[in-house]
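Working notes, beginning with the structure itself.
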Amino acid sequence: MKTVFSRKSGSPRYALLAGVAALGLALPGVAAAQDMDDEAEAEEPAFDDDIIIVTATKREQTLQETPISVSVTSGETLEQAQIRDVLDLQTVAPSLRVSQLQNSSSSTFIIRGFGNGDNNFGIEPSVGVFIDGVFRSRSASSLNDLANVQRIEVLNGPQSTLFGKNASAGVISVITRKPQFDFGGSIEASYGNYNNIQVKGDVTGPITDAIAFSIDGSYNKRDGYGTIVNLGSDVNDRNRWTARGQLLIEPTSNLSIRAMADYSKIDESCCVVSTLVAGPTAPAVFGVGGALSTDFFSYDIFLNQQPLNVVDNYGGSIQADLELGAISVTSITAYRELQNFVDQDVDFTSADIVSEVRDQRVDTFTQELRIASDFDGPINFLLGGFFFDESVTQDSTLTTGTAGRNFFTLLGRGATGDPTFTFNAVEAGLGLPQNSIFSAGPLTSETYSMDNQSWSVFGTVDFEPFDGLVLTAGFNYTDDKKDFALSGVAFDELANVNLVDAFIFGATGGTVSTPAQFAALPAPNQAALRAAALNPQINPLLGLAAFQFQPPFLTIPNAVEDGQTRDDDFSYTLRAAYQVNDNINAYFSYATGFKASSVNLSRDSRPAFGDFIPGPGRSLILSPSSPIRDAGLAVANLTTGSRFAGPEDAEVYELGLKGEWDGLNVNLALFDQTLKGFQSFLFTGTGFQLNNAGEQSVKGFELDTRIQPTDGLVLTFALTYLDPLFVSFTESPVGDLSGQRPAGIPEIAIATSATYTHDFGSSGNRLITRVDYSHESNTDINNGLPTFGPNNFRREVNLVNASMTFALDNGLEIGAYARNLLNDQYILTVFDGVAQAGTVSGYPSAPRTYGGVVRFKF
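Residue numbering for the sequence shown follows my numbering, beginning at 0 and increasing consecutively.
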């Protein structure tokens, strides 16, 4: 656990970690516990005789007893379906969607149509990811291959009452196998198309009668299925590994301490970006010797450099479980570090126009403490606290490439209709150095940081007035504060000039350059000057506004903006669960959820309207009075946007039925869920816009069945129906969406499978065959694009996966698998071409993959 104790000895984090460890080792009467015996006894599997054990409510219950909508995927299913990481999990959990976008570390988790958090480390996810009870605050820290997993629980709908951070849309909880006191393990190797080599293994066993260990790891390497044609190199490859060690210490029969440390690394080139619409800027790309892809599903693309994405993710945790008769105590202490480095061509053409480097780091400390009862009487309780301390830093740069100036010159000629247009003339007219506009070199340099501290107190009380009826009340009070600092330098000369102000300055012979000087002019002169400056027939400079992509940045904190958010919230759950008979359980619940404010850690962070009010054409001279203007803080071309988005508040009404009969399990949940202030984060062509949607709702149902009609055959069928609506969203990047259906949310999602196990007599040998199918109904990908406008880009998903495994009684298994067997092709998402108005780019789905597997369990 050296990784955990890497802080200097005087730091409070070190002291708390060391204190928890000492508490568990030296004071067994006051130690802690995990998820109410997270996996129960070490030898008890999560799936045993068709009984599925889950800890979704932080109490150990069977799936049929758990009064929330939750889907569970066992480690056995993960093996059979060749689900390697969380990205593949959506094929077996229809309420979950996972999308990987710009690079290996940019992914979004979405449950019931709600989710965000990709591509900006200041935006926390609406779907919380927990691995062995430890919150993973950024999707990049939970994307590596899944090794030694016992089960994965996907909890649908707001889960803020029991989960300490960001669960306003749902939770993904990954539970791994803990060390065993019997020696054992496994080794697995597979080879597939695209030269895919995967190796993983684990070993576990006793060190003493009271201490057990386990070590597991995985390695995954694959050639890219895409080709950068002009560079002759692959893209969308796999190159990642992970390693983890655990100790399980049980000094007494009622005390258990589990210490874990892990390290994972991703070093990949991602992702395939193809062109759906080559807009009017495409000739300029070809005019500077570049090219862009035109065959969307060919996986042949054009870039001027190999994209690079390196993710280092490591940390450790100490989990202590103590049982004192009917009282259990739980402590989970964790420290994690995430480092993410991205270097890529962001114009997605082979022309050297613009590239980006992003260097990010996240340090996270969490502490959870719970006490729970298991009385025979009618009342039981759970009470806990959660502390979260995180720091985020990021250094970013945009660089103008060698073809940038010529590219924009060609665009200028097309826009003006003047074949002689050059930026040299513009520079001369504005008094700028020659060859300074879009000169090759730095375009922006940015530094961001954010410190986030949050604590919460939560609990539930269960009251069973008579046999079969359980009434539950739960609460969570959260206090969250963020302090952030953002600064940036925009180097482009043109972007530092306001074209309205430049005209006024020139027309007045340089006597008017401030709002006060303009206000001192006679009223008729003001009116005439204003009208002329805003008239493109009189002020030819206005046509250059389209080339001012990266204007100067107003540093925060400043004299007006304090760079802080302060949020607190009281969330609660009310639920009635009733066991109708031995086969049927029913429940009804009302729950609220909360996610704190998110911060726009990007060059697109602008002051809130009111703190600054820009004048027409982003003019400072013509701008009305505002705190930033009056304090003399305003920079050229300053506009407003959102430094941060306010909190998300969720509520859901849910009615559920869970039935269990011999060979049949049926779970049904009907829900009406609303999210107020949903934190929308969308790409606008040259940047990102963060703001709150007024209110978004979704009504629907989830059906999950498991049927075993005969020995050896297991059928599953899960269906999610969603009917979402923007109740109000007046300030989206594409206009007022109020009353419209949010795009990207399929009405129907299906996950179904058939698994047949053939036993060869009494030999113990088995042949296991599995086929699964996942479907998303045809739906609009988005509600329009800020630059391209309304469109009819749609997607429908039909994925078929298959596997066959011959398992020998001696532990040897030989198998074959295929994912996306029928090579289904669909669009993941689309976006406006970067600095290419009218061009639409997108991400194609992955092609068919297949291979063979050899596994040995001992």
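Note that CB positions come from ideal geometry on N, CA and C, so glycine has one too.
Quick caveat, the model's predicted, so the values are computed rather than measured.
>> In the DSSP assignment, the alpha helix (DSSP H) including R335 goes from what residue to what residue?
In response: In the DSSP assignment, R335 falls outside any alpha helix (DSSP H) and lies within the beta strand (DSSP E) extending over 326 to 344.
>> Ignoring anything shorter than 3 residues, give me the beta strand (DSSP E) runs that lie fully in the segment 752 to 806, in order along the chain.
In response: Fully enclosed beta strand (DSSP E) runs of 3 or longer: 765 to 779, 793 to 806.
>> Does F857 pass the burial test, meaning 16 or more other C-beta atoms within 10 Å, or should it be called exposed?
In response: Answer is exposed; the Cβ neighbour count stays below 16.
> From A139 to Q338, what does the alpha carbon distance come to, in whole angstroms?
Replying inline: The straight-line gap from Cα to Cα measures roughly 9 Å.
> E59 lies in the beta strand (DSSP E); which residues open and close that run?
Replying inline: Per DSSP, E59 is not a residue of any beta strand (DSSP E), being assigned neither H nor E.
> Which residues bound the alpha helix (DSSP H) around P514?
Replying inline: First-last of the alpha helix (DSSP H) with P514: 514 to 518.
> So A717 packs on P93, CB below 8 Å; how close in whole Å?
Replying inline: Contact check for A717 and P93: beta-carbon distance about 5 Å, within the 8 Å limit, so the pair qualifies.
> Using CA coordinates, which residue listed in S444, P556, F805, V309 is at the minimum distance from T398?
Replying inline: When only C-alpha atoms are compared, the closest one is S444.
> Are there 16 or more other CB atoms within 10 angstroms of the CB of G841, so buried, or fewer, so exposed?
Replying inline: Taking all protein chains shown into account, G841 has 16 or more neighbouring C-beta atoms within 10 Å of its C-beta and is therefore buried.
>> Which residue marks the beginning of the alpha helix (DSSP H) containing I627, and which one marks its end?
In response: Note, I627: alpha helix (DSSP H), 626 to 629.
> Can you name, in chain order, every residue of its own chain whose Cβ lies under 7 Å from the Cβ of T719, other than the five neighbours on each side?
Replying inline: Closer than 7 Å at Cβ, skipping near neighbours: P93, S94, G699, E701, A748.
>> Can you determine whether any heavy atom of the ligand MG sits closer than 7 Å to the C-beta of F552, and answer yes or no?
In response: Absence of the ligand MG from the depicted structure is noted, as is the absence of any ligand whatsoever, leaving it without description.
>> What residue range does the beta strand (DSSP E) around A649 cover?
In response: Element bounds for A649: 647 to 660.
> Are the Cβ atoms of T494 and F406 separated by less than 8 Å?
Replying inline: First, the amino acid is wrong: residue 494 is Ala here, not Thr. Contact flag unset, no.
> Between N253, I826, L533, L246, which lies nearest to D261 when the distance is taken from Cα to Cα?
Replying inline: Shortest Cα-Cα distance from D261 to any of N253, I826, L533, L246 involves L246.
>> Within the continuous alpha helix (DSSP H) that includes I620, where are the two ends?
In response: Taken as a continuous stretch (DSSP letters only), I620 belongs to no alpha helix (DSSP H), as it is neither H nor E.
> Using a Cβ-Cβ cut-off of 7 Å (strictly less than) and excluding sequence neighbours within five positions of G458, which residues of its own chain qualify?
Replying inline: For G458, where only same-chain residues beyond five positions count, the Cβ hits under 7 Å are F380, L381, L382, G383, G473, F474.
> What did DSSP end up calling L714 once you bin it into helix, strand or coil?
Replying inline: Strand, per DSSP.
> Counting only runs that start and end within the segment 233 to 263, where is the beta strand (DSSP E) found for 3 or more residues in a row?
Replying inline: You should have 237 to 251.
> Relative to the alpha-carbon of S354, which residue among A815, P205, N303 has its alpha-carbon at the smallest distance?
Replying inline: Of the listed residues, the one whose Cα sits closest to S354 is N303.
> Is the distance from the Cβ of D201 to the Cβ of N147 below 8 Å?
Replying inline: The criterion of a C-beta distance shorter than 8 Å is satisfied by D201 and N147.
> According to the Cβ coordinates, are F120 and V361 closer than 8 Å?
Replying inline: In this structure, V361 lies closer than 8 Å to F120 by Cβ.
>> Excluding the 5 residues flanking V559 on each side, which residues of the same chain have their C-beta closer than 7 Å to its C-beta?
In response: Contacts found: D610, P626, I627, A630, L632.
>> Taking 8 Å as the threshold (C-beta atoms), are G112 and P646 in contact?
In response: Result no, Cβ atoms of P646 and G112 do not sit closer than 8 Å.
>> Beta-carbon within less than 7 Å of P556's beta-carbon, same chain only, minus the 5 sequence neighbours each way: which residues are those?
In response: Excluding its 5 nearest sequence neighbours in each direction, P556 has C-beta neighbours in its own chain below 7 Å: A484, G562, listed in chain order.
>> Just to confirm my understanding: we take L681, look at its own chain, exclude 5 residues before and 5 after, and list those with CB closer than 6 Å. What are they?
In response: Counting only Cβ-Cβ distances below 6 Å, and skipping sequence neighbours, we find Q688, P732.
>> Once the 5 residues before and after Q79 are set aside, which same chain residues still bring their CB inside 6 Å of it?
In response: Closer than 6 Å at the Cβ level, and outside the excluded window around Q79, lie R769, S802.
> Using a Cβ-Cβ cut-off of 8 Å (strictly less than) and excluding sequence neighbours within five positions of A39, which residues of its own chain qualify?
Replying inline: Per-residue confidence for A39 stands at a pLDDT of 38, beneath the threshold of 50, marking its modelled position as unreliable; no derived number is given.
> Since T572 sits in a beta bridge, which residues does DSSP pair it with?
Replying inline: T572 pairs with G473, A590.
>> Counting beta carbon pairs with one atom in the segment 242 to 256 and one in the segment 806 to 818, are three or more of them shorter than 8 Å?
In response: The segment 806 to 818, when compared against the segment 242 to 256, does not touch it at the 8 Å Cβ threshold.
>> Which of the three DSSP states is assigned to P441 in this structure?
In response: It is a strand residue.
> For the putative contact between R765 and H774, defined by C-beta atoms under 8 Å, what is the C-beta separation to the nearest angstrom?
Replying inline: Wrong, their Cβ atoms sit about 29 Å apart, outside the cutoff.
> The beta strand (DSSP E) with E812 in it runs from where to where?
Replying inline: Per DSSP, the unbroken beta strand (DSSP E) holding E812 starts and ends at 811 to 818.
> Hey, is the segment 69 to 84 in contact with the segment 151 to 164, meaning 3+ C-beta pairs nearer than 8 Å?
Replying inline: Taking a contact to require three or more Cβ pairs closer than 8 Å, the segment 69 to 84 and the segment 151 to 164 qualify as touching.
> Looking at the structure shown, is A635 part of a helix, part of a strand, or coil, going by DSSP?
Replying inline: If DSSP states are grouped into helix, strand and coil, A635 belongs with coil.
> Hey, how far is the Cα of S843 from the Cα of G743?
Replying inline: Note that residue 843 is Pro in the sequence shown here, rather than Ser. Looking at the two C-alpha atoms, the distance is approximately 15 Å.
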